[in-house]
Amino acid sequence: MVDQTNHQIGAERFFQPELERMSADALADLQFTRLQQTVKNCYKNIPFYKQRMDDLGVKPADISSLDDLHRLPFTTKQDMRDAYPFGLFAINVHDNVQRLHASSGTTGNATVCGYTQKDIDVWGDCFARGIAQVGGGSESILQVAYGYGLFTGGLGAHEGGIRIGATILPMSSGNTRRQVQMMKDFGVDILACTPSYALLIADTAIEMGYNPAKEFKISGAILGAEPWSENMRQEIEEKLGVTAVDIYGLSEVMGPGVSCECRYQTGLHVAEDHFIIEILDPDTLRPLPDGEWGEVVFTTLTKECSPLLRYRTRDISRIVPGHCSCGRTLRRMDRITGRTDDMLIIRGVNVFPSQIQQVISSFAEVTSYYQIVLTRKEQLDHVLLKVETVPEFDFDEIRKIEDLQRRIVAELKSNLQVTVEVKVVEPKSIERFEGKAKRVQDLRQL
Ligand code: DLL
Numbered sequence: 008m009v010d011q012t013n014h015q016i017g018a019e020r021f022f023q024p025e026l027e028r029m030s031a032d033a034l035a036d037l038q039f040t041r042l043q044q045t046v047k048n049c050y051k052n053i054p055f056y057k058q059r060m061d062d063l064g065v066k067p068a069d070i071s072s073l074d075d076l077h078r079l080p081f082t083t084k085q086d087m088r089d090a091y092p093f094g095l096f097a098i099n100v101h102d103n104v105q106r107l108h109a110s111s112g113t114t115g116n117a118t119v120c121g122y123t124q125k126d127i128d129v130w131g132d133c134f135a136r137g138i139a140q141v142g143g144g145s146e147s148i149l150q151v152a153y154g155y156g157l158f159t160g161g162l163g164a165h166e167g168g169i170r171i172g173a174t175i176l177p178m179s180s181g182n183t184r185r186q187v188q189m190m191k192d193f194g195v196d197i198l199a200c201t202p203s204y205a206l207l208i209a210d211t212a213i214e215m216g217y218n219p220a221k222e223f224k225i226s227g228a229i230l231g232a233e234p235w236s237e238n239m240r241q242e243i244e245e246k247l248g249v250t251a252v253d254i255y256g257l258s259e260v261m262g263p264g265v266s267c268e269c270r271y272q273t274g275l276h277v278a279e280d281h282f283i284i285e286i287l288d289p290d291t292l293r294p295l296p297d298g299e300w301g302e303v304v305f306t307t308l309t310k311e312c313s314p315l316l317r318y319r320t321r322d323i324s325r326i327v328p329g330h331c332s333c334g335r336t337l338r339r340m341d342r343i344t345g346r347t348d349d350m351l352i353i354r355g356v357n358v359f360p361s362q363i364q365q366v367i368s369s370f371a372e373v374t375s376y377y378q379i380v381l382t383r384k385e386q387l388d389h390v391l392l393k394v395e396t397v398p399e400f401d402f403d404e405i406r407k408i409e410d411l412q413r414r415i416v417a418e419l420k421s422n423l424q425v426t427v428e429v430k431v432v433e434p435k436s437i438e439r440f441e442g443k444a445k446r447v448q449d450l451r452q453l
């Protein structure tokens with residue numbers, strides 16, 4: 008077997024350099040061949056897609072170049088829910104399907120995806136690229152602190168560890184003090200978990216009397232599954248002494264590894280050999296030029312069991328124009344700034360929680376922990392923002408608290424044009440999360 012694990016080119020580490028550094032033409036050829044196969048597979052084996060394509064008057068043979076992508080039907084989360092459980096599978100669940108994952112349906116049915124062994128291998132390859140991107144390789148000890156289970160975080164990172172030949176510590180999430188102890192005792196160098204959990208692990212280590220940045224071997228962190236800010240990245244990097252990269256994915260499309268930052272941290276390289284990314288205006292569904300923000304839409308190119316045509320993620324991002332210094336040619340998407348469905352409309356002004364997070368992160372007196380509580384007062388949405396102070400802040404001085412609250416309110420008003428009630432709360436009073444943080448509490452329907 009070829010050792011794919013330790014490709015060093017200049018200062019950069021690669022897992023699959025021949026794919027990650029492809030020329031634009033070679034990539035387009037590969038994408039087109041794979042798109043044709045995918046469309047044929049969908050049309051032949053998934054009645055939902057045959058119906059949709061027939062309704063649009065498109066046959067697989069009509070897809071004669073990548074530019075024909077726009078002729079294909081969209082797929083939405085609702086379509087996947089309606090197909091519950093296996094209606095969008097291209098193969099029978101009793102045949103070669105190795106594993107099932109499902110995303111938690113807070114409303115309605117869960118969305119279910121199946122994986123053949125090849126699907127799992129591809130997934131592992133995509134995550135393994137992320138491990139190399141943060142400097143890891145076959146010699147690494149990888150601590151997986153994403154939850155294992157139907158959520159794709161834990162097992163996705165695990166497969167990445169297998170593909171790159173790392174030693175895997177399958178902690179799952181939770182039991183934070185033990186995470187810290189093993190991280191230290193086992194000499195873990197790469198951590199994979201949500202950014203909120205990385206921060207909690209760092210804070211717990213410090214509370215336990217360690218200085219992980221100096222005393223631990225940890226050097227890289229692959230963090231994702233939720234939006235996070237540059238300030239939060241800085242805090243995690245400083246406290247743990249790591250390079251922290253952002254990894255993106257969604258269960259419907261594959262899981263973590265659809266895209267991942269390299270250590271230059273200038274956007275997430277999309278695994279374009281396995282997925283076609285489109286950025287569309289969410290209202291008109293027209294394509295947007297590189298650099299403009301819109302809804303991210305993916306078409307899978309290699310999935311055998313659960314292929315998807317033009318899946319509308321509802322996530323908002325953009326293509327980062329230009330080339331990356333790391334030498335990868337795979338294009339980069341920007342950090343997710345929000346979802347079309349988590350936008351708050353505060354007295355007519357559209358605001359994403361991530362924008363609020365961005366504003367508060369400029370205050371040295373407060374931590375990255377915050378919570379937004381939405382209620383209705385006299386027919387209008389009311390927003391209460393709770394922010395937690397750093398331990399050094401003198402919480403006994405009412406005057407200081409009021410002054411800080413006033414300054415945050417003013418900053419939000421001048422940056423985002425919204426009026427928000429701000430309550431500064433004591434350290435450690437805001438809930439901590441071991442998986443995805445739930446920062447917005449919506450009490451409007453209650
Ligand atoms: O969160 C898969 C994943 C696991 C990604 C581990 C990265 C790391 P779902 O539970 O299906 O899958 O949630 C997918 O989470 O549509 C985004 O809204 C959000 N999301 C995922 N990664 C990021 C990220 C996993 N890096 C949904 N930044 C997606 C911001 C993210 N949001």
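So in the working numbering the end of the sequence shown lands on 453, straight run, no missing numbers.
Idealized CB from N, CA, C, for every residue including glycine.
Item	Value
8 Å contact criterion, which Thr306 and Leu315 should meet: CB distance rounded	7 Å
Expected contact under 8 Å - CB spacing of Gly227 and Val141 to nearest Å	3 Å
Own chain residues within Cβ distance below 7 Å of Gln11, not counting five before or after	Since pLDDT at Gln11 reaches only 49, below the 50 mark, its modelled position is unreliable, and the value read off the structure follows with that caveat. Hits under 7 Å: Phe22 and Gln23.
Check whether Ser324 and Gly345 have beta carbons under 7 Å apart	no
Spatially closest choice to Tyr204 from Ala444, Gln448, Asp449 and Arg451, by CA coordinates	Ala444
Asp196: CB within 6 Å of a non-hydrogen atom of the ligand DLL	no
Sequence-distant residues of the same chain with beta carbon closer than 6 Å to Asp449, five excluded per side	Leu381
Three-pair Cβ contact test at 8 Å for the stretch 284 to 302 versus the stretch 83 to 91	no
Residue nearest to Val447 in terms of C-alpha spacing, selected from Leu391, Lys430 and Asn238	Leu391
Coil, strand or helix - Thr118 by DSSP	strand
Among Ile343, Gly64, Pro219 and Gln386, the one whose alpha carbon lies nearest that of Leu257	Ile343
Closer than 6 Å: Gly160 CB and nearest the ligand DLL heavy atom	yes
Whole-angstrom C-beta distance between Pro67 and Tyr50, which should lie under 8 Å	5 Å
Coil, strand or helix - Pro24 by DSSP	helix
Cβ contact check for the stretch 49 to 64 and the stretch 91 to 100: 3 or more pairs under 8 Å	yes
Bridge partner(s) assigned by DSSP for His276	Cys267 and Arg339
Integer Cβ distance of Arg41 from Arg335, believed to fall under 8 Å	About 19 Å separates the two Cβ atoms, so there is no contact after all.
Backbone secondary structure at Leu470 - three-state DSSP	There is no way to answer for residue 470, as the model of the chain reaches only from 8 to 453.
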